[in-house]
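Chemist: A single structure is presented below for examination.
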Amino acid sequence: MALWIQITPGSDEPIYLQIVEQVGEAIAKGQLAVGDKLPAVRKLASELVINPNTVARAYTILEQSGLVTTKTGSGTFVADPSMRGKDAADINMMADRMDGIISRGLNLGIESQDIIAMFKDRLEKFTKTRQGGRRKND
Amino acid sequence: MRFFALLKKELRECLPWMATAAAILLLIGSMMLWDRGQRDIGDWYRVFERYSEVGGYELLRRPISDFTVFVFMSAVGLGLALGVRQFWVDDFMGTWGFIAHRSTRRTTIFAAKICAGLISMIVGIGLVWCYLFWRANSSGYFVFPLPEKCFIVGWLIGGMGLLAYLGAGLVGLSKARWYTTKLMGLGFALWIFITLIQQWTLWWGFGTLLIGTVVLLYLMWETFLNREF
Amino acid sequence: MTEFVLETQGLTKFYGDKLALDHIDLKIPRGCVCGFVGRNGSGKTTAIKLLLGFLKPTAGSSRLLGCDSQDLTPAIRQRIGYVAEGHRLIRWMTVAEIAKFQSAFLSQQWDSKFFWDMIDYFGLSKKQKIKHLSNGQRAQVSLALTLAPNPELLIMDDPTLGLDAAIRRQFLEGMIELIMRQGRTILFSSHILGDIERVADKIVVIDKGVIRADCSLEQFRTAIKKVKFVFGQTLPETIDIEGLLHFRHSDKELEMILVDTADEKIAEWAKSSGATDYQAINMNLEDQFIEYTAPAGRNKPFVWEAK
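Residue numbers (our numbering), protein chains in the order written: chain A, 303 to 440; chain B, 11 to 239; chain C, 13 to 319.
Pasting the structure below:
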């Protein structure tokens with residue numbers, strides 16, 4: 303399970319955020335289904351060779367955004383999507399990210415409609431993987 | 011347990027020097043014995059007798075072939091080598107960090123070094139001297155047996171090597187910034203030595219050696235306890 | 013159990029008339045992994061030596077596991093692991109002999125199986141003499157010797173200096189393994205900020221003998237910001253924004269390094285100074301460290317004019 307998380311120290315982004323993003327992406331793509339157990343903090347820390355507190359912090363953030371829940375003694379599990387809240391800050395952050403991607407695309411000389419097409423395309427891939435993942439887990 | 015682990019380590023480090031000094035002393039000593047045995051004993055006896063009459067100063071004015079001078083040189087040579095090995099090398103190799111962090115009192119570390127040094131000197135010089143003396147007396151090298159006093163004087167001369175050992179050790183331990191202050195340790199040992207050879211009787215000779223040793227040991231111990239690495 | 017396994021109060025050290033450490037106050041709680049960073053010659057090794065009682069302070073004091081550094085008892089020293097810079101060990105001993113030597117001092121704690129498993133893992137043999145080992149191999153032996161007694165407090169002075177990436181990784185793995193045991197604390201100094209980022213929870217930055225930062229790694233990362241301001245016409249005469257560390261400028265742009273300045277204050281200043289646009293630029297830990305410890309008043313990067 304832990305094999306797909308990869309961290310890069312020395313990058314602009316703090317390590318705990320890298321973990322948050324990758325777990326988030328896996329959940330969005332359906333690679334992690336509701337009820338799946340995340341790797342134990344210590345195990346992941348050992349494998350990634352990072353401080354267990356960093357992993358714990360990432361898991362806390364994921365929990366705060368409603369993506370996962372922690373059951374003391376058992377571990378951390380992917381939460382039910384209906385439990386996830388969307389607050390203004392989250393949506394703003396998403397908008398900021400989109401700005402970054404759009405500006406990069408425009409600077410590369412890609413046309414607006416092509417940018418939209420690219421978004422559509424990748425979104426489709428996500429949902430396909432998600433459905434495929436769901437089917438596997440049935 | 012910890013003391014013995016340290017002692018073992020120190021002895022192992024002193025071993026090559028002790029063995030070398032012992033080998034040289036044995037070899038040259040045997041050669042000299044054989045050589046002397048061909049001639050009159052008179053020379054030898056006279057040298058030792060002299061000691062109690064005019065003081066040891068005379069000793070060092072004899073030509074280099076004189077045996078006591080050779081014992082003296084071996085003892086001082088070994089003493090200096092051991093002093094340097096035990097108290098200078100760790101500075102150069104940067105290993106004081108490892109040694110000083112041992113979970114034991116600094117006094118224990120110091121005691122182990124000194125014991126190892128003493129044992130090495132006693133075995134390397136003292137025992138060889140015993141053997142040579144016994145050899146000299148037993149194998150018909152001389153017309154009549156050497157007096158006991160010879161034997162004791164040999165130990166006294168070997169004991170001067172102890173001063174060299176402690177002096178060199180004190181220099182190594184001293185963290186004084188200026189080389190003149192650093193070398194005071196050796197200078198002090200030298201002063202004790204000069205005092206020693208001015209003594210007119212063996213008792214005073216040994217007495218000076220003992221007092222000198224105790225003082226040097228105390229200075230070394232104090233310096234080591236307060237030393238910075 | 014004492015709350016702080018390591019504390020210093022006004023720790024000061026003069027070498028002759030050269031000030032190496034200037035009134036250092038530090039408190040490290042149990043369970044913390046503290047990364048000690050600073051430029052070369054900033055005083056890291058001096059601080060560590062003072063902590064372990066190898067140097068005498070000119071003023072102030074320090075305590076390890078509740079015991080004064082100048083009077084560390086053998087029982088306390090047993091609980092402290094120390095890795096010195098350069099990993100100098102007794103050269104003539106073999107791996108087996110030095111293990112025996114080390115275990116003589118730590119008999120109750122020494123985990124022989126752990127030690128030999130590590131040595132096996134590193135591919136070393138018990139008969140090899142320390143003097144025939146490469147720097148990396150000697151570091152590996154040093155690591156095994158220090159971790160096998162299961163120390164409560166581990167102090168390491170630049171343990172990965174000059175070591176290859178694989179061995180560095182082994183050191184980090186060893187540290188992570190140790191920190192996951194109950195109640196262990198680690199203090200280590202390093203120049204490799206990637207390593208600090210991986211394992212430290214707390215960062216202490218020391219510069220010319222003075223502590224410039226002492227906070228959690230996360231706080232450090234979020235506090236130091238690089239912001240670029242773009243101006244339509246000339247740049248403002250004065251720059252008076254709270255938390256300014258340095259700035260660099262070109263014709264129309266101003267790049268500032270700010271410490272702990274709130275986003276609102278930045279927006280405010282941008283407005284009041286007439287900037288047309290501003291943007292926060294992400295920095296990695298290494299950049300943050302370099303900016304934070306650059307000499308004061310440095311407002312132009314060094315540019316080599318090729319002739």
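Built from N, CA and C at the ideal position, the CB exists for glycine as well.
The structure presented is a predicted model; accordingly, all values stated were derived computationally and were not measured.
If you reduce the DSSP assignment to three classes, tell me which class A:Lys422 lands in.
Modeler: helix
Chemist: Using three-state DSSP, classify B:Arg72 as helix, strand or coil.
Modeler: Only weak support exists for where B:Arg72 lies, its pLDDT of 42 falling under 50; the coordinates are left without a value.
Chemist: Taking the straight line between their C-alpha atoms, what separation do you get for A:Val322 and A:Glu365?
Modeler: 10 Å
Chemist: What separation, rounded to the nearest whole angstrom, lies between the Cα atoms of B:Phe203 and C:Val217?
Modeler: 54 Å
Chemist: DSSP has C:Glu303 in a bridge; who is on the other side?
Modeler: None; C:Glu303 has no bridge partner.
Chemist: What distance in whole Å lies between the Cβ atoms of B:Met28 and C:Arg103, which are believed to be in contact at a cut-off of 8 Å?
Modeler: Taking 8 Å as the upper bound for CB-CB distance, C:Arg103 and B:Met28 are not in contact here, some 19 Å apart.
Chemist: Between the alpha carbons of A:Ala304 and C:Ser74, how many angstroms are there, rounded?
Modeler: A caution first: A:Ala304 carries a pLDDT of 47, below 50, which makes its placement in the model too unreliable to give a value.
Chemist: State yes or no: is the beta carbon of C:Asp263 nearer than 7 Å to at least one beta carbon in chain A?
Modeler: With 7 Å as the cut-off, C:Asp263 does not count as an interface residue toward chain A.
Chemist: List the residues of chain C whose Cβ lies closer than 9 Å to the Cβ of A:Pro311, in chain order.
Modeler: Leu205, Gly206, Asp207, Ile208, Glu209, Arg210, Asn296, Leu297
Chemist: The beta strand (DSSP E) with A:Phe379 in it runs from where to where?
Modeler: 377 to 380
Chemist: Can you find a CB in chain C that lies within less than 7 Å of the CB of A:Arg424?
Modeler: no
Chemist: How close, in whole Å, do the beta carbons of A:Gly312 and C:Leu175 come, if the pair is a contact with beta carbons under 8 Å?
Modeler: In this structure A:Gly312 does not touch C:Leu175 by the C-beta definition: roughly 17 Å separates them, more than the 8 Å allowed.
Chemist: Quick one, are the C-beta atoms of C:Gln149 and C:Ile236 less than 7 Å apart?
Modeler: No; because the gap between Cβ atoms is not below 7 Å, this pair is not in contact.
Chemist: Say whether chain A places a C-beta atom closer than 7 Å to the C-beta of C:Met192.
Modeler: For C:Met192, the closest Cβ of chain A is nearer than 7 Å.
Chemist: Given 8 Å as the limit, is there contact between the region 59 to 69 of chain C and the region 136 to 144 of chain C, that is, 3 or more CB pairs closer than that?
Modeler: Under the three-pair Cβ rule at 8 Å, the region 59 to 69 of chain C does not count as touching the region 136 to 144 of chain C.
Chemist: Tell me the DSSP secondary structure of B:Glu63 in three-state form.
Modeler: With a pLDDT of only 48 at B:Glu63, under 50, the local geometry of the prediction cannot be trusted, and no value is derived from it.
Chemist: Run through the DSSP bridge pairs and tell me what A:Leu307 is partnered with.
Modeler: The question names Leu, yet the displayed sequence has Ile at residue 307 of chain A. Its beta-bridge partners do not exist; DSSP assigns none.
Chemist: With DSSP collapsed to three states, give me the class of A:Gln333.
Modeler: coil
Chemist: Assuming contact is defined by CB atoms lying nearer than 7 Å, are C:Thr58 and C:Leu84 in contact in what I supplied?
Modeler: no
Chemist: Does the separation of the CB atoms of C:Thr197 and C:Arg42 fall below 7 Å?
Modeler: yes
Chemist: Along chain C, in chain order, which residues have C-beta atoms closer than 7 Å to that of A:Val351?
Modeler: Arg181, Leu184, Glu185, Ile188, Arg210
Chemist: Give every residue of the same chain whose Cβ lies closer than 8 Å to the Cβ of C:Thr24, excluding the five residues on either side of it in the sequence, and list them in chain order.
Modeler: If we look at C:Thr24 and ignore the five residues flanking it on each side, its Cβ neighbours are Leu31, Leu33, Asp34, His35, Ile36, Pro69, Thr70, Ala71, Gly72.
Chemist: Is the region 119 to 134 of chain C close to the region 24 to 39 of chain B, with three or more CB pairs under 8 Å?
Modeler: no
Chemist: What residue range is occupied by the uninterrupted beta strand (DSSP E) comprising C:Met105?
Modeler: In the DSSP assignment, C:Met105 falls outside any beta strand (DSSP E) and carries neither an H nor an E.
Chemist: Can you look up C:Met295 in the DSSP assignment and give me helix, strand or coil?
Modeler: coil
Chemist: Can you tell me the Cα-Cα spacing of B:Cys160 and B:Phe77, whole angstroms?
Modeler: Looking at the two C-alpha atoms, the distance is approximately 11 Å.
Chemist: Relative to the alpha-carbon of B:Gly164, which residue among B:Ile38, B:Val79, B:Ser40, B:Glu20 has its alpha-carbon at the smallest distance?
Modeler: B:Val79
Chemist: With DSSP run on the structure shown, which of helix, strand or coil describes C:Cys79?
Modeler: strand
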